[in-house]
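If you read the protein sequences in the order shown, they are chains R and W. Quick note: the first sequence uses our numbering, first residue 63, plus one each step. Quick note: the second sequence uses our numbering, first residue 762, plus one each step. Worksheet for the structure shown next.
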Amino acid sequence: MFQHPILLHIFSERFGANGFLNEHLWLGHLGHFFIVLTLAASLLAALAYFGAEFNRNKPDETSWRNIARTAFFTQSAAILGVFILLFIMILNHWFEYHYAWRHSSTDLPLKYIISSFWEGQEGSFLLWMFWLAAMGCVAIFTLKDYESPTMAIISLTQFFLATMVLGVYVFGFKLGSSPFILLRDQMADAPIFQQKNYLEMIQDGNGLNILLQNYWMTIHPPVLFLGFASVSFPFAIALASLLRADVTGWVRHALPWTLFAIASLGTGILMGGAWAYESLSFGGFWAWDPVENMSFVPWIMLAGGLHTLLVYKNTKQSLVSTYLFFILGFVLVLYSTYLTRSGRLGETSVHSFTDDGLEPQLLAYLSFFVITPFTLLIIRLVKKQLPQQAKEEDFWSREFWMFIGTLVLLLSAVQMLVTTSIPIWNLLFFEKWQLLKTKIAPPEDAVAHYNSIQIWLGILIAALTAAVQYLAYKTGRVPATAKWAAYTFGIAFALSIGIALGMGIHFTHQYLIDLSALSEKLYFKFPFISPHYLFLLASVYAVAGNAGYLFAVLKNNWKVSGGSISHFGLGVFLIGVILSQGQKQVISTNGVGMKDFDAKERAENVLLLRDSTETMGEYAVTYIGKEELKKNTFFVVKYERKAADGTIKETFELRPEASVMKEGNLNANPDTKHYLTKDVFTHITSIPDNRTLKDSVMTNEVAKGDTFFAPNAYVVFKGFNPQPTLPVGFDANGKLVVGAELKVQTMQGANYTAMPLFIIEMKTNQVSTLPGEIKELGLSFDIANLNPATEKATVLTRYQEKPADFVIMKAIVFPYINLVWLGGIICFSGALLSMWRRRVKD
Amino acid sequence: MKKVHILLLVLLAAGVGMVIAMSFDWTTYATFNQSKERFRAVNVSGYLVKNKEMVYDPETDPNFFSFTMVDDSATECVVVYKGAKPQDFERSEKLVVKGKMDGEVFRCSEISMKCPSKYVNDNIVLKEKSDADGTVTIQAAP
Chain R
63 MFQHPILLHI FSERFGANGF LNEHLWLGHL GHFFIVLTLA ASLLAALAYF
113 GAEFNRNKPD ETSWRNIART AFFTQSAAIL GVFILLFIMI LNHWFEYHYA
163 WRHSSTDLPL KYIISSFWEG QEGSFLLWMF WLAAMGCVAI FTLKDYESPT
213 MAIISLTQFF LATMVLGVYV FGFKLGSSPF ILLRDQMADA PIFQQKNYLE
263 MIQDGNGLNI LLQNYWMTIH PPVLFLGFAS VSFPFAIALA SLLRADVTGW
313 VRHALPWTLF AIASLGTGIL MGGAWAYESL SFGGFWAWDP VENMSFVPWI
363 MLAGGLHTLL VYKNTKQSLV STYLFFILGF VLVLYSTYLT RSGRLGETSV
413 HSFTDDGLEP QLLAYLSFFV ITPFTLLIIR LVKKQLPQQA KEEDFWSREF
463 WMFIGTLVLL LSAVQMLVTT SIPIWNLLFF EKWQLLKTKI APPEDAVAHY
513 NSIQIWLGIL IAALTAAVQY LAYKTGRVPA TAKWAAYTFG IAFALSIGIA
563 LGMGIHFTHQ YLIDLSALSE KLYFKFPFIS PHYLFLLASV YAVAGNAGYL
613 FAVLKNNWKV SGGSISHFGL GVFLIGVILS QGQKQVISTN GVGMKDFDAK
663 ERAENVLLLR DSTETMGEYA VTYIGKEELK KNTFFVVKYE RKAADGTIKE
713 TFELRPEASV MKEGNLNANP DTKHYLTKDV FTHITSIPDN RTLKDSVMTN
763 EVAKGDTFFA PNAYVVFKGF NPQPTLPVGF DANGKLVVGA ELKVQTMQGA
813 NYTAMPLFII EMKTNQVSTL PGEIKELGLS FDIANLNPAT EKATVLTRYQ
863 EKPADFVIMK AIVFPYINLV WLGGIICFSG ALLSMWRRRV KD
Chain W
762 MKKVHILLLV LLAAGVGMVI AMSFDWTTYA TFNQSKERFR AVNVSGYLVK
812 NKEMVYDPET DPNFFSFTMV DDSATECVVV YKGAKPQDFE RSEKLVVKGK
862 MDGEVFRCSE ISMKCPSKYV NDNIVLKEKS DADGTVTIQA AP
């Protein structure tokens, strides 16, 4: 399917010899060279680091390591070179390169030119490699005794990533996809390339998808890929310790890297949420979209791994589960890469890459990184090289409950993984092995599906983060300070009742109990609201419990309070989630009754004609017009809040953007008014299609005084006028001109007149007509015939449909959504604080 | 038996129970005729019948859209969607609607459509030298 020739050799005859004008071929050649250099140097680094590891504490170790370091620094420099070259290509709009042409255009501002760097598959792989190289350089100087085995695995990962951007056919098998492919190679059959000066004829690049033209898209991908790359480190350190069969030395290295990965991946995911909230139609920051789920699952694994690692550090329990969490964390990053980039999610996700033919390669790496670590783990287990604690955890020990917490995290990950992987189950059980009779599909209501289980797991997690830290490791004796766990619970209980009553909270969610596969009678809905209240209570308890621990037990010793700060932030985040999502109010409901849940759910769109006003919640909302800016159309919607006495208390305008793309899809960018305690979110769901405007013609035979109808108006024929006002420059010589006086009154009561003319050439008796127009109404009248006997006229009314001007929009109020962002920031700051304390110093 | 073993058993039970409970939520693919016998929502895949009437009058009700669709077994059915009409619906190549039969109409809660070249958009727009406003689009070979 991909017939384009790939630049197989770097120094081809193409150095200007083929005669194409104005191409900058040096960039592609240099870029390919750097990619191949990255590939070779990272493989060398991996081999040399393995060499250093196998010669540990032998004289050769240093020289092996020096080779390895040089090779790693070389590949880091090379990847930086690729990075810079790709930027030069995009910044200069060198459209002879497919990547620049496909992902950018000349009218993009700088920040979006930067975003177009990572819009494509190749650019985002490069970003990943860039971070891996950068963090690898830090790790070389901080990993001390664990440098060789860890960096061997990191270099190997880098090698695999480099093959993804190689763009070479090996025995007819496509290995990677290069960002330096020329447009004329990618689309070799297009006739334009028969002209040597084809570059002068290309008008512009294809541009950046409008949904990605948001400032979050400049910053979210780099942070997310920083997170993806950082997940490699806890994995590599864990694998290194398995390789070495050393179960103690790795812990101090794994801790800071795990904390960093949690903070960076978490921030990346949260920024993705902010982007989705600002520029997608999700109506929230999270829609349980497969791609979101698949970046969240590795994060959960890391969070689990962090907690079992702490348990292991303090009690020597939970070693195997720690290994499992770190291995699974990394494997799931690869799996999510596979799902999003193989095109398998195409059916179920809004934002999935297309299939670039990389699936076999991705699958091969995935299997490699599944099989190798698990084999190693099994070998160590079989050889009994992983010590097992004989002593059991006490019921009242911290480690016992932390372990339970990680199991809850695991369950949460399993649910997301299983439903998100539905396309894979179809592939395996339906297409390959034919164990299923029919293909399965995601649930009818994905959000309800996930929430109905995750809410219970969330309640457990939130409560555990508050209470468990009051317990002590190992001893099993409950510390005296544990009474604070009870005190803060009391406070949380009172607080959450206060919040629920004070804010007038009522959760109207209903649960579906759907066992209709067994029997039709087992399908019922009921408003089952208690878990939402419990969730609120547990979240408030997470905040109160951790705050209490900070002040009462840690006595504001900031150095050791990273964990409590993180959990406090998690509590704030969860409160934000339940308030903004559980209490979100669609105010554009168009007055549909509240009784029927379905109707309320669906009838969320309101039509606003130009200059008409609808009441939405406490606002009077008016659509006042369009603003065109470059390619984008903004629809100006005015919000007015009035006091009871009619005085205007507040006015603001929102400019949601919507445009019909070349492909015909509506791309809409919402606009939001931010307050400290709530957001008013406005999103365009539909705009009129003015591409095909209809013309209609009506014929009426009328006598003097008759009335007939035209669209949105009625017309009175007042009679003939033998001496009508003639248009300027009309030559009336030798012609008989009769006008028909028409009085037009619109349904709104505006009056217009029109005078179509009927012209007879005296000599030849030739008849012609001149229509009378009313431009404002899009009406045009013409006299088709005059009947002198009956004094009747046949009037043709032509109506040209005016371009419709309205928006169909949705408006949602999200209360306290700022708590979501605030909680996330606190949570990840806590992780960074802990990382700093746990950094390896000696 | 250690506490950990009990815990892992509980985890296993909880996991299996959860996945079974989840699987009841999943939907399946069916034809219009098959969906009459199903109580739960199904996915029907098929094509838009372009010469049948399509109703969407946002000025009366912006949340009502109906069209006729033919499923993979060549059965035609009127589909009603409570929501705004997706942009450029007419151009869709393939449709998947998720919902239930209600009498003779299929009420769907979600429409997914595959449009021609939804992702791949490899048209090179050329500059027209003689004419300022005219642009020519050529389709490159796939």
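For every residue, glycine included, the Cβ atom is placed at its ideal position computed from N, Cα and C. Treat the numbers as computed from the prediction; the structure is a model and nothing was measured.
(message) Does the structure place the segment 710-717 of chain R close enough to the segment 767-781 of chain R that three or more beta carbon pairs sit under 8 angstroms?
(response) No: fewer than three Cβ pairs fall under 8 angstroms.
(request) Counting only the same chain and skipping the five closest in sequence on each side, list residues whose C-beta sits under 6 angstroms from that of Val326 (chain R). (result) Residue identity check: residue 326 (chain R) is Ser in the sequence provided, not Val. Answer for Ser326 (chain R): Leu288, Gly289, Ser292, listed in chain order.
(message) Restricting to Cα atoms, I'd like to know which of R:Arg406, R:Phe112, R:Val602, R:Phe203 is closest to Ala302 (chain R).
(response) When only C-alpha atoms are compared, the closest one is R:Phe112.
(message) Within the continuous alpha helix (DSSP H) that includes Tyr701 (chain R), where are the two ends?
(response) Run containing Tyr701 (chain R): none in the alpha helix (DSSP H); it sits in the beta strand (DSSP E), 694-704.
(request) Give a yes or no on whether the minimum CB-CB distance between Asn882 (chain W) and chain R is below 8 angstroms. (result) At Asn882 (chain W) the pLDDT is 45, less than 50, meaning the model places this residue with poor confidence and gives no usable figure here.
(request) Compute the distance between the beta-carbons of Val831 (chain W) and Val810 (chain W), then report whether it is under 8 angstroms. (result) In this structure, Val810 (chain W) lies closer than 8 angstroms to Val831 (chain W) by Cβ.
(request) Let me know the secondary structure DSSP gives Gly801 (chain R) once reduced to three states. (result) Strand.
(message) To the nearest angstrom, how far is the alpha carbon of Pro352 (chain R) from that of Lys740 (chain R)?
(response) Spanning the two alpha carbons is a distance of roughly 28 angstroms.
(request) Counting only the same chain and skipping the five closest in sequence on each side, list residues whose C-beta sits under 6 angstroms from that of His282 (chain R). (result) Residues Met333, Gly334, Trp337 of the same chain have their beta carbon placed closer than 6 angstroms to that of His282 (chain R), with the five preceding and five following residues left out of the count.
(request) Compare the C-beta of Lys501 (chain R) against all C-beta atoms of chain W and say whether one is closer than 8 angstroms. (result) Judged by the 8 angstroms Cβ criterion, Lys501 (chain R) is in contact with chain W.
(message) Checking the sheet assignment: what are the DSSP bridge partners for Met678 (chain R)?
(response) Its beta-bridge partners are R:Tyr681.
(message) Please return the same chain residues whose Cβ sits closer than 7 angstroms to the Cβ of Lys813 (chain W), not counting the five positions on each side in sequence.
(response) Hits under 7 angstroms: Thr829.
(message) Please state whether the Cβ-Cβ distance between Leu286 (chain R) and Gly330 (chain R) is less than 8 angstroms.
(response) A Cβ-Cβ contact shorter than 8 angstroms links Leu286 (chain R) with Gly330 (chain R).
(request) Answer with yes or no whether the minimum CB distance from Phe659 (chain R) to chain W is below 8 angstroms. (result) Low per-residue confidence applies at Phe659 (chain R): pLDDT is 37, beneath 50, and the placement is therefore not dependable, though the value from the model is reported in the following sentence. Phe659 (chain R) has a beta carbon lying at 8 angstroms or more from every beta carbon in chain W.
(request) May I ask you to list, following chain order, the residues of the segment 150-181 of chain R that have a beta carbon less than 7 angstroms from some beta carbon of chain W? (result) Answer in chain order: no residues at all.
(request) For the beta strand (DSSP E) holding Gln265 (chain R), just list the boundary residues, first then last. (result) Premise fails: Gln265 (chain R) is in no beta strand (DSSP E) and is neither H nor E.
(message) Only counting the same chain, and skipping five residues up and downstream in sequence, which positions put a Cβ closer than 7 angstroms to that of Ala682 (chain R)?
(response) Result list for Ala682 (chain R): Thr675, Glu702, Lys704, in chain order.
(message) Classify Lys657 (chain R): buried if its beta carbon has 16 or more other beta carbons within 10 angstroms, exposed otherwise.
(response) Only weak support is given to the placement of Lys657 (chain R): the predicted model assigns it a pLDDT of 35, under 50, and the question is left unresolved by the model.
(request) At 8 angstroms on the CB atoms, spell out the chain W contacts of Glu466 (chain R), in chain order. (result) Contrary to the premise, residue 466 (chain R) reads as Ile rather than Glu in this sequence. Here the neighbours are Leu768.
(request) Identify the contact partners of Val480 (chain R) in chain W, using a Cβ-Cβ distance below 9 angstroms as the criterion. (result) Those are Met779, Val780, Met783, Ser784, listed as they occur along chain W.
(request) Spell out whether any CB of chain W is found under 8 angstroms from the CB atom of Pro504 (chain R). (result) With 8 angstroms as the cut-off, Pro504 (chain R) counts as an interface residue toward chain W.
(message) Once the 5 residues before and after Leu557 (chain R) are set aside, which same chain residues still bring their CB inside 7 angstroms of it?
(response) Val602, Ala606, listed in sequence order.
(request) Give the DSSP bridge partners of Ala873 (chain R), in chain order. (result) When beta bridges are read from the DSSP output, Ala873 (chain R) appears opposite R:Thr744.
(request) With a floor of 3 residues, list each beta strand (DSSP E) that falls wholly inside the segment 774-840 of chain R, ordered by position along the chain. (result) For the segment 774-840 of chain R, the full-length beta strand (DSSP E) segments reaching 3 residues or more read 775-783, 797-808, 813-816, 819-823, 829-832, 834-836 along the chain.
(message) Determine, for Asn804 (chain W), whether the minimum Cβ-Cβ distance to residues of chain R falls below 8 angstroms.
(response) Yes, Asn804 (chain W) lies at the interface with chain R (some Cβ there is under 8 angstroms from its Cβ).
(request) Please compile the residues from chain B whose C-beta is within a distance smaller than 8 angstroms of the C-beta of Ile870 (chain R). (result) The chain inventory of the structure shown lacks chain B, comprising the protein chains R and W.
(request) In the DSSP assignment, find the unbroken beta strand (DSSP E) run with Thr713 (chain R) in it and report its ends. (result) Its beta strand (DSSP E) spans residues 710-716.
(request) State the Cα-Cα distance for the pair Ile822 (chain R) and Asn774 (chain R), rounded to the nearest angstrom. (result) Just so you know, the alpha carbons of Ile822 (chain R) and Asn774 (chain R) end up roughly 32 angstroms apart.
(request) Please name the residue in R:Lys780, R:Ala250, R:Pro171, R:Lys735 whose C-alpha comes closest to that of Tyr277 (chain R). (result) The option with the nearest alpha carbon to Tyr277 (chain R) is R:Pro171.
(message) Is there a C-beta anywhere in chain R that falls below 8 angstroms from the one on Thr792 (chain W)?
(response) By this cut-off, Thr792 (chain W) is not an interface position.
(request) Classify Asp892 (chain W) as helix, strand or coil using the three-state DSSP reduction. (result) In this prediction, Asp892 (chain W) scores a pLDDT of 33, lower than 50, which makes its location untrustworthy; no coordinate-derived value is stated.
(request) State buried or exposed for Val829 (chain R), treating a residue as buried only when at least 16 other CB atoms are found within 10 Å of its CB. (result) Exposed, since its Cβ has fewer than 16 Cβ neighbours within 10 Å.
(request) Could you have a look at Met874 (chain W) and say whether DSSP puts it in helix, strand or coil? (result) Met874 (chain W) sits in a strand when the DSSP states are folded into three classes.
(message) DSSP three-state label for Ile433 (chain R), please.
(response) Correct three-state label for Ile433 (chain R): helix.
(message) Within 10 Å of its beta-carbon, does Asn804 (chain W) have 16 or more other beta-carbons around it, so buried, or fewer, so exposed?
(response) Buried is the call here.
(message) Suppose you measure from the CA of His155 (chain R) to the CA of His91 (chain R); what does that come to, to the nearest Å?
(response) His155 (chain R) and His91 (chain R): Cα-Cα distance of roughly 17 angstroms.
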